[in-house]
Structure formats: structure tokens, C-alpha cells
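Peer 1:
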Amino acid sequence: MKKTIITMLIALVAICASAETYSYLKFTKTNGSTVTCSVEGLKITYDNANVTVTNAEGTTTLALAEVKDMYFSNDGSTTPVYQLGDVNMDGDVNIADVTALIDYLLNGDDSVIDLTAANVNEDNSVDISDVTHLIDMLLTVN
Ligand SMILES: [Ca+2]
Ligand SMILES: [Ca+2]
């Protein structure tokens, strides 16, 4: 099923690419980070588990399970890597992130937290529902 979707996705981006000239192929991963590949000499192959992008710069392999979105763009910038739920940006998602998120909701100070990572349910705002989602996430993982 996943393979069918990816096949359709690749067909779709191929159509888009022929319609207009883009400089970059970008992937959005499920953790929110972006992978940017130049389209120079671009070749995309995939198997059951991975999509492999070969271009003039080299080869990039991504796990299909991690790919959330794939599109062509003229924007070469890369979204800073963050981990959803790692509110205090220490590299781990744990109870300290719940505390950091609650602290933010109470005092409104976003200087010590990552608001993108704090939007755990990926809607338009950081609020109490993200605390619930974060706790759910911790209970599911552990
Ligand atoms: Ca953390
Ligand atoms: Ca939210």
C-alpha cells in the first residue's frame, strides 16, 4: 500500500517537475526535518523500505516510513532539525519536556523552548492539548 502511494507520489512530482523548472527536490520527514536535494542529475529509485535520491552532489537514502511529504521547490533552505516533543531542545523526549511545556503555558516565556517541537499535536497552536499529546507520546514509547 505504502509503495503504491509512493509510486503515485513520484509520478505526481515528475508531472509537476516537467510543468515547471525547479532547483530542489525536498522531503519532509515525519520528525519534521527537511531534506533538500539539488535536482541536478537527479535520479530517484526506491525499494520496499527506502527511497534513494542520486544527484550531482551524491546519494541520499531515506526510509520510506520516515517520509511524510515529497515536493519540488526553488527554496534551497533546510528546516532546522527538531524532534517533535523535545520541548526543551535537549535531544530527548521525556518528562522534563512536559514540565517545560507546562511552564511555558503558565508563564508565556518561549525563550527556553522550541515552539515547533512543543506543538506536539501539529495543529496551529501550542496549548494544553499538546501537554496531553506529549504525555500520551511518553506513555506509548515507554
Ligand atoms: Ca527534551
Ligand atoms: Ca498544538
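Just so we're on the same page, my numbering is the position in the sequence shown counted from 1, plus 89.
All residues carry an ideal CB built from backbone N, CA and C; glycine is no exception.
No experiment lies behind these values; they were computed from the predicted model shown.
#1: In three-state terms, what does DSSP make of serine 218?
#2: What does asparagine 144 pair with, by DSSP beta-bridge criteria?
#3: Kindly indicate which three-state DSSP category tyrosine 171 falls into: helix, strand or coil?
#4: Quick one, are the C-beta atoms of leucine 153 and leucine 131 less than 8 angstroms apart?
#5: Between isoleucine 133 and valine 187, which are expected to be in contact by the criterion C-beta below 8 angstroms, what is the C-beta distance as a whole number of angstroms?
#6: In whole angstroms, what separates the C-alpha of tyrosine 301 from that of alanine 145?
#7: Compute the beta-carbon to beta-carbon distance between leucine 227 and isoleucine 191, rounded to the nearest angstrom, for a pair I have assumed lies under 8 angstroms.
#8: Applying the criterion that 16 or more other CB atoms from any shown protein chain within 10 Å of the CB defines a buried residue, is alanine 108 buried or exposed?
#9: Going by DSSP, which residues form a beta bridge with lysine 92?
#10: Using the beta-carbon count (16 or more within 10 Å), is methionine 159 buried or exposed?
Peer 2: Checking against the coordinates, here is how it stands:
#1: Helix.
#2: Here asparagine 144 is bridged, per DSSP, to Gly147.
#3: It is coil, neither helix nor strand.
#4: No, Cβ-Cβ distance for leucine 153 and leucine 131 is not below 8 angstroms.
#5: In this structure isoleucine 133 is not in contact with valine 187, their Cβ atoms being roughly 40 angstroms apart against a cut-off of 8 angstroms.
#6: For the chain, the structure presents residues 90 to 231; residue 301 sits outside this window and is missing.
#7: Contact flag wrong, Cβ pair sits at about 13 angstroms.
#8: The predicted model places alanine 108 with a pLDDT of 47, which falls under 50 and marks its position as unreliable; any figure quoted below should be read in that light. Of the residues assessed, alanine 108 falls on the exposed side of the cut-off, its CB having fewer than 16 other CB atoms within 10 angstroms.
#9: Answer by DSSP bridge pairing: none, since lysine 92 is not bridged.
#10: Classification for methionine 159: buried.
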